[in-house]
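Participant: Sharing a structure below in structure tokens format, with a few things to ask.
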Amino acid sequence: YFRRLRSQYVDKKESGDESNFSVTCVNLLRCAPGRSELTLSEGFQKGVRSANKMISNMDLRVLNFDWHANTKALGEAGTIKGLWMS
Numbered sequence: 162y163f164r165r166l167r168s169q170y171v172d173k174k175e176s177g178d179e180s181n182f183s184v185t186c187v188n189l190l191r192c193a194p195g196r197s198e199l200t201l202s203e204g205f206q207k208g209v210r211s212a213n214k215m216i217s218n219m220d221l222r223v224l225n226f227d228w229h230a231n232t233k234a235l236g237e238a239g240t241i242k243g244l245w246m247s
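In the working numbering, the protein residues as written are 162 to 247.
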């Protein structure tokens, strides 16, 4: 996934567009200690850090949003609203 992002934006940069750009990835997994998703979430964060080092002029960010916990607390409509407001 990050290789595809990289090649898409490197091609754009090489075409003469040197401007910075941002990409936000949304992590919907739980990031709490002791949760089974934590290892996968940490691997995703590590991948984002590596991609940030490889791709110049790119601001790659991660938004951690625990979909399950938010849906449980706020309901589906409240969760969707919260995600868009994040």
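Glycine included, every Cβ here is placed at the ideal spot set by N, Cα and C. Bear in mind that the values here come from a model prediction, so they are computed numbers and not experimental data.
Please state the DSSP three-state secondary structure of residue 224.
Facilitator: Residue 224: strand per DSSP, three-state reduction.
Participant: Return the residue from the list 166, 185 and 196 that minimises the CA-CA distance to residue 227.
Facilitator: Taking only the C-alpha atoms, the option nearest residue 227 is 196.
Participant: Which parts of the region 193-238 are runs of the alpha helix (DSSP H), unbroken and 4 residues or longer, counting only runs that do not cross its ends?
Facilitator: Correct list: 199-215.
Participant: In chain order, what residues of the same chain have a beta carbon less than 7 angstroms from the beta carbon of residue 185, not counting five sequence neighbours either side?
Facilitator: For residue 185, where only same-chain residues beyond five positions count, the Cβ hits under 7 angstroms are 222 and 224.
Participant: Pull up the CB-CB distance for residue 201 and residue 193, whole angstroms please, since I reckon it's below 8 angstroms.
Facilitator: Going by Cβ atoms, the distance from residue 201 to residue 193 rounds to 13 angstroms, so no, they are not a contact pair.
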